[in-house]
Amino acid sequence: MNKNRLAVIIFISLFLASFRNHPTAIPFNTPMMFKEYASHFYSQLHDQDLNISAFEYGLKGFLKLQDEGKINNNRFLTIIDMSVSANENRFFVIDVADQKIVHKSKVAHGKNSGLEYASKFSNQISSNQTSLGFYKTGELYNGKHGLSLRLDGLEAANSNARARAVVIHSADYVSEMFLKKNGRLGRSLGCPALPSEGYQDIVSKIKEGSLLFIYHPTKSYLNSSKLIKSSIDALTQRPAFRLVWSENPYRTCDF
22 MNKNRLAVII FISLFLASFR NHPTAIPFNT PMMFKEYASH FYSQLHDQDL NISAFEYGLK
82 GFLKLQDEGK INNNRFLTII DMSVSANENR FFVIDVADQK IVHKSKVAHG KNSGLEYASK
142 FSNQISSNQT SLGFYKTGEL YNGKHGLSLR LDGLEAANSN ARARAVVIHS ADYVSEMFLK
202 KNGRLGRSLG CPALPSEGYQ DIVSKIKEGS LLFIYHPTKS YLNSSKLIKS SIDALTQRPA
262 FRLVWSENPY RTCDF
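Counting from 22, one number per residue, gives the positions in the sequence shown under this note's numbering.
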(Lines of atoms letter the chains of each structure in order from A; the text may use other names.)
(Lines give C-alpha, C1' and ligand atoms only; values in the text may rest on other atoms or scores of the structure.)
Protein backbone atom coordinates (compact mmCIF):
# COMPACT_ATOMS: atom_id res chain seq x y z
CA MET A 22 0.00 0.00 0.00
CA ASN A 23 1.51 3.34 -1.01
CA LYS A 24 1.87 6.24 1.38
CA ASN A 25 -0.77 8.43 -0.32
CA ARG A 26 -3.44 5.74 -0.11
CA LEU A 27 -2.57 5.05 3.51
CA ALA A 28 -2.86 8.77 4.30
CA VAL A 29 -6.32 8.93 2.69
CA ILE A 30 -7.51 5.89 4.67
CA ILE A 31 -6.25 7.41 7.93
CA PHE A 32 -7.94 10.73 7.14
CA ILE A 33 -11.29 9.09 6.37
CA SER A 34 -11.08 6.98 9.54
CA LEU A 35 -10.43 10.05 11.69
CA PHE A 36 -13.20 11.97 9.93
CA LEU A 37 -15.76 9.23 10.57
CA ALA A 38 -14.62 8.87 14.16
CA SER A 39 -15.24 12.57 14.75
CA PHE A 40 -18.86 12.11 13.66
CA ARG A 41 -19.32 9.15 15.96
CA ASN A 42 -18.03 11.18 18.91
CA HIS A 43 -19.75 14.43 17.95
CA PRO A 44 -22.81 13.74 15.79
CA THR A 45 -24.30 16.66 13.92
CA ALA A 46 -27.66 18.01 15.02
CA ILE A 47 -30.47 16.19 13.28
CA PRO A 48 -33.17 18.53 11.93
CA PHE A 49 -36.51 17.68 13.51
CA ASN A 50 -38.70 18.59 10.58
CA THR A 51 -41.81 16.45 11.07
CA PRO A 52 -44.32 16.09 13.91
CA MET A 53 -43.35 12.42 14.27
CA MET A 54 -39.73 13.40 14.85
CA PHE A 55 -40.83 15.82 17.55
CA LYS A 56 -42.87 13.03 19.10
CA GLU A 57 -39.77 10.86 19.18
CA TYR A 58 -37.72 13.63 20.71
CA ALA A 59 -40.39 14.40 23.33
CA SER A 60 -40.65 10.70 24.20
CA HIS A 61 -36.89 10.49 24.70
CA PHE A 62 -36.86 13.67 26.81
CA TYR A 63 -39.74 12.31 28.92
CA SER A 64 -37.85 9.08 29.54
CA GLN A 65 -34.92 11.09 30.91
CA LEU A 66 -37.17 12.60 33.60
CA HIS A 67 -37.71 9.17 35.23
CA ASP A 68 -40.96 10.27 36.81
CA GLN A 69 -44.30 8.84 35.69
CA ASP A 70 -46.17 11.17 38.06
CA LEU A 71 -45.92 13.68 35.22
CA ASN A 72 -48.56 12.95 32.57
CA ILE A 73 -46.83 12.47 29.22
CA SER A 74 -49.54 14.35 27.31
CA ALA A 75 -49.17 17.35 29.61
CA PHE A 76 -45.41 17.18 29.13
CA GLU A 77 -45.59 16.93 25.32
CA TYR A 78 -47.98 19.88 25.05
CA GLY A 79 -45.81 21.89 27.43
CA LEU A 80 -42.61 21.09 25.55
CA LYS A 81 -44.23 21.96 22.23
CA GLY A 82 -45.32 25.36 23.55
CA PHE A 83 -41.89 25.90 25.05
CA LEU A 84 -40.12 25.29 21.72
CA LYS A 85 -42.62 27.43 19.83
CA LEU A 86 -42.33 30.40 22.18
CA GLN A 87 -38.58 30.04 22.48
CA ASP A 88 -38.30 30.11 18.71
CA GLU A 89 -40.31 33.35 18.68
CA GLY A 90 -38.02 34.87 21.34
CA LYS A 91 -40.83 35.18 23.88
CA ILE A 92 -39.13 33.35 26.75
CA ASN A 93 -36.54 35.19 28.84
CA ASN A 94 -35.74 32.43 31.31
CA ASN A 95 -35.00 29.45 29.05
CA ARG A 96 -33.76 27.16 31.79
CA PHE A 97 -37.05 26.04 33.31
CA LEU A 98 -40.43 24.77 32.15
CA THR A 99 -43.16 24.46 34.78
CA ILE A 100 -46.13 22.17 34.20
CA ILE A 101 -49.28 21.99 36.34
CA ASP A 102 -51.49 19.01 35.58
CA MET A 103 -55.03 19.90 36.60
CA SER A 104 -56.34 16.50 35.49
CA VAL A 105 -54.84 15.02 38.66
CA SER A 106 -56.33 15.05 42.15
CA ALA A 107 -55.36 18.08 44.21
CA ASN A 108 -54.19 15.59 46.84
CA GLU A 109 -51.41 14.38 44.54
CA ASN A 110 -48.23 16.00 43.25
CA ARG A 111 -49.17 17.87 40.08
CA PHE A 112 -46.76 20.83 40.00
CA PHE A 113 -43.50 20.06 38.19
CA VAL A 114 -40.49 22.28 37.52
CA ILE A 115 -38.31 20.87 34.75
CA ASP A 116 -34.71 21.89 34.17
CA VAL A 117 -34.82 21.80 30.38
CA ALA A 118 -31.07 21.98 29.86
CA ASP A 119 -30.33 19.06 32.19
CA GLN A 120 -33.55 17.20 31.34
CA LYS A 121 -34.61 16.53 34.91
CA ILE A 122 -37.38 17.46 37.33
CA VAL A 123 -35.93 19.71 40.00
CA HIS A 124 -39.12 20.12 42.02
CA LYS A 125 -42.57 18.61 42.31
CA SER A 126 -45.31 19.31 44.80
CA LYS A 127 -49.00 19.74 45.34
CA VAL A 128 -50.75 22.85 44.07
CA ALA A 129 -54.21 24.27 44.74
CA HIS A 130 -56.77 25.24 42.11
CA GLY A 131 -59.55 27.84 42.14
CA LYS A 132 -62.44 27.21 44.52
CA ASN A 133 -65.04 27.35 41.73
CA SER A 134 -63.09 24.90 39.57
CA GLY A 135 -63.99 21.93 41.73
CA LEU A 136 -63.34 20.19 45.05
CA GLU A 137 -60.64 17.53 44.93
CA TYR A 138 -60.59 17.55 41.13
CA ALA A 139 -60.66 20.64 38.93
CA SER A 140 -63.23 20.39 36.14
CA LYS A 141 -64.31 23.97 35.39
CA PHE A 142 -61.99 26.67 34.06
CA SER A 143 -62.47 30.33 33.28
CA ASN A 144 -60.61 33.46 32.24
CA GLN A 145 -63.34 35.74 33.57
CA ILE A 146 -62.62 38.28 36.29
CA SER A 147 -64.13 37.25 39.66
CA SER A 148 -64.81 33.70 38.42
CA ASN A 149 -62.55 32.26 41.13
CA GLN A 150 -61.65 29.52 38.68
CA THR A 151 -58.30 28.33 37.33
CA SER A 152 -57.39 29.39 33.79
CA LEU A 153 -55.75 26.85 31.47
CA GLY A 154 -52.90 27.49 29.07
CA PHE A 155 -49.41 28.93 28.79
CA TYR A 156 -48.19 31.69 31.07
CA LYS A 157 -44.99 33.69 31.28
CA THR A 158 -43.73 34.33 34.79
CA GLY A 159 -43.19 37.91 35.82
CA GLU A 160 -41.69 39.69 38.78
CA LEU A 161 -41.63 38.80 42.45
CA TYR A 162 -43.42 41.11 44.88
CA ASN A 163 -44.68 41.11 48.44
CA GLY A 164 -48.47 41.10 48.67
CA LYS A 165 -51.24 39.90 50.98
CA HIS A 166 -49.93 36.33 50.61
CA GLY A 167 -46.32 37.38 51.23
CA LEU A 168 -43.76 36.71 48.51
CA SER A 169 -45.67 36.17 45.26
CA LEU A 170 -44.84 35.71 41.58
CA ARG A 171 -46.90 37.50 38.94
CA LEU A 172 -48.11 35.63 35.86
CA ASP A 173 -48.99 36.90 32.39
CA GLY A 174 -51.33 34.81 30.26
CA LEU A 175 -50.14 34.15 26.73
CA GLU A 176 -53.40 32.83 25.29
CA ALA A 177 -57.06 33.75 24.97
CA ALA A 178 -57.79 31.18 27.69
CA ASN A 179 -55.78 33.11 30.31
CA SER A 180 -55.37 36.63 28.91
CA ASN A 181 -56.85 38.21 32.05
CA ALA A 182 -54.32 36.65 34.41
CA ARG A 183 -52.69 39.91 35.48
CA ALA A 184 -56.00 41.77 35.64
CA ARG A 185 -57.37 38.96 37.83
CA ALA A 186 -54.22 39.05 39.99
CA VAL A 187 -53.60 35.37 39.27
CA VAL A 188 -50.19 34.79 40.84
CA ILE A 189 -48.15 32.01 42.38
CA HIS A 190 -48.11 32.25 46.16
CA SER A 191 -47.74 29.94 49.13
CA ALA A 192 -50.66 29.00 51.38
CA ASP A 193 -51.15 27.04 54.59
CA TYR A 194 -54.09 25.20 53.00
CA VAL A 195 -51.61 23.49 50.67
CA SER A 196 -50.01 21.22 53.23
CA GLU A 197 -50.06 17.64 54.47
CA MET A 198 -51.53 18.83 57.77
CA PHE A 199 -54.47 20.50 56.02
CA LEU A 200 -54.96 17.43 53.82
CA LYS A 201 -55.06 15.03 56.76
CA LYS A 202 -57.51 17.23 58.65
CA ASN A 203 -59.89 17.98 55.76
CA GLY A 204 -59.45 15.08 53.35
CA ARG A 205 -58.38 17.40 50.53
CA LEU A 206 -56.36 20.55 49.96
CA GLY A 207 -57.85 23.98 50.31
CA ARG A 208 -58.58 26.07 47.25
CA SER A 209 -57.59 29.51 46.03
CA LEU A 210 -59.44 32.27 44.18
CA GLY A 211 -57.88 31.06 40.95
CA CYS A 212 -54.18 31.22 41.81
CA PRO A 213 -51.87 28.18 41.66
CA ALA A 214 -51.05 28.18 45.38
CA LEU A 215 -48.09 26.12 46.62
CA PRO A 216 -46.87 24.66 49.92
CA SER A 217 -44.65 26.96 51.94
CA GLU A 218 -41.85 24.38 52.12
CA GLY A 219 -39.23 25.19 49.50
CA TYR A 220 -41.45 27.90 48.07
CA GLN A 221 -38.92 30.73 47.94
CA ASP A 222 -36.37 28.58 46.13
CA ILE A 223 -38.97 27.55 43.52
CA VAL A 224 -40.15 31.05 42.63
CA SER A 225 -36.58 32.33 42.58
CA LYS A 226 -35.76 29.75 39.90
CA ILE A 227 -38.75 30.32 37.64
CA LYS A 228 -39.23 34.08 37.99
CA GLU A 229 -38.77 36.71 35.26
CA GLY A 230 -39.79 35.13 32.02
CA SER A 231 -39.92 31.34 32.30
CA LEU A 232 -42.81 29.35 30.86
CA LEU A 233 -45.60 27.81 32.93
CA PHE A 234 -48.27 25.55 31.43
CA ILE A 235 -51.52 24.64 33.18
CA TYR A 236 -52.92 21.50 31.56
CA HIS A 237 -56.27 19.76 31.53
CA PRO A 238 -57.68 17.60 28.69
CA THR A 239 -60.57 20.01 28.16
CA LYS A 240 -61.42 19.76 24.48
CA SER A 241 -62.57 23.36 24.14
CA TYR A 242 -59.11 24.54 25.23
CA LEU A 243 -57.08 21.97 23.31
CA ASN A 244 -59.04 22.66 20.11
CA SER A 245 -58.74 26.44 20.37
CA SER A 246 -55.16 26.92 21.59
CA LYS A 247 -52.92 28.16 18.77
CA LEU A 248 -49.87 26.91 20.65
CA ILE A 249 -51.30 23.43 21.10
CA LYS A 250 -52.39 23.22 17.47
CA SER A 251 -49.29 24.82 15.94
CA SER A 252 -47.04 22.83 13.65
CA ILE A 253 -43.53 22.30 14.95
CA ASP A 254 -42.02 21.73 11.49
CA ALA A 255 -40.38 25.16 11.31
CA LEU A 256 -39.26 25.12 14.94
CA THR A 257 -36.72 22.38 14.66
CA GLN A 258 -34.68 23.58 11.71
CA ARG A 259 -32.29 25.56 13.88
CA PRO A 260 -29.20 23.66 15.14
CA ALA A 261 -29.72 21.87 18.42
CA PHE A 262 -32.53 24.08 19.74
CA ARG A 263 -30.56 27.26 20.40
CA LEU A 264 -29.88 28.65 23.88
CA VAL A 265 -31.23 25.81 26.01
CA TRP A 266 -28.95 23.11 24.68
CA SER A 267 -25.90 25.38 24.07
CA GLU A 268 -23.93 23.52 26.74
CA ASN A 269 -24.52 20.21 24.95
CA PRO A 270 -25.32 20.88 21.29
CA TYR A 271 -25.60 17.17 20.47
CA ARG A 272 -28.22 16.33 23.07
CA THR A 273 -30.97 16.44 20.42
CA CYS A 274 -29.38 13.50 18.58
CA ASP A 275 -29.04 11.28 21.62
CA PHE A 276 -31.99 8.97 21.03
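Even for Gly, the Cβ is constructed at its ideal location relative to N, Cα and C.
Given the structure is predicted, the values throughout are model-derived calculations rather than measurements.
Extent of the continuous alpha helix (DSSP H) to which N244 belongs: First-last of the alpha helix (DSSP H) with N244: K240 to S245.
Only counting the same chain, and skipping five residues up and downstream in sequence, which positions put a Cβ closer than 8 Å to that of K228? Here the set comprises N94, T158, G159, E160, L161 and L170.
Simplified DSSP state of S64, which is helix, strand or coil: Under the three-state reduction of DSSP output, S64 falls in the helix class.
For S147, tell me which candidate among K240, S106, L243 and R183 has the shortest Cα-Cα distance. Each of K240, S106, L243 and R183 was checked against the Cα of S147, and the nearest Cα belongs to R183.
Keeping to the same chain, check which residues put their C-beta closer than 6 Å to that of H166; ignore five residues upstream and five downstream. So the qualifying residues of the chain are H190.
Using the Cα positions of M54 and S209, report the straight-line distance between them to the nearest angstrom. Counting only the Cα atoms, S209 lies some 39 Å from M54.
Tell me the residue span of the alpha helix (DSSP H) that contains N203. That run of the alpha helix (DSSP H) goes E197 to N203.
Confirm, please, whether the CB-CB distance from D116 to R96 is below 8 Å. Yes.
Closest Cα partner of N163 within the set G219, V224 and R205: Checking every option, the nearest Cα to that of N163 belongs to V224.
Three-state secondary structure (DSSP) of S225: In the three-state scheme derived from DSSP, where H, G and I count as helix and E and B as strand, S225 is classed as helix.
Tell me whether E176 sits in a helix, a strand or coil according to DSSP, three-state version. Coil.
Can you tell me the Cα-Cα spacing of N108 and S180, whole angstroms? When rounded, the distance between both Cα atoms is 28 Å.
Applying the criterion that 16 or more other CB atoms from any shown protein chain within 10 Å of the CB defines a buried residue, is A177 buried or exposed? A177 should be labelled exposed.
Which residues in the same chain have their Cβ closer than 8 Å to the Cβ of Q120, if we skip the five residues on either side of it in sequence? Cβ neighbours of Q120 within its own chain (closer than 8 Å, five residues either side excluded): F62, Q65, L66 and R272.
Tell me whether the beta-carbon of Y220 lies closer than 8 Å to the beta-carbon of L206. Taking 8 Å as the cut-off, the beta carbon of Y220 is found no closer than this to the beta carbon of L206.
Less than 8 Å between the beta carbons of S152 and V105, yes or no? Remark: C-beta atoms of S152 and V105 do not approach each other more closely than 8 Å.
Terminal residues of the continuous beta strand (DSSP E) containing K125? Where K125 is concerned, the enclosing beta strand (DSSP E) stretches over K121 to S126.
Give the straight-line distance between the Cα atoms of I92 and L98, rounded to the nearest whole angstrom. Each residue's Cα considered, the two are about 10 Å apart.
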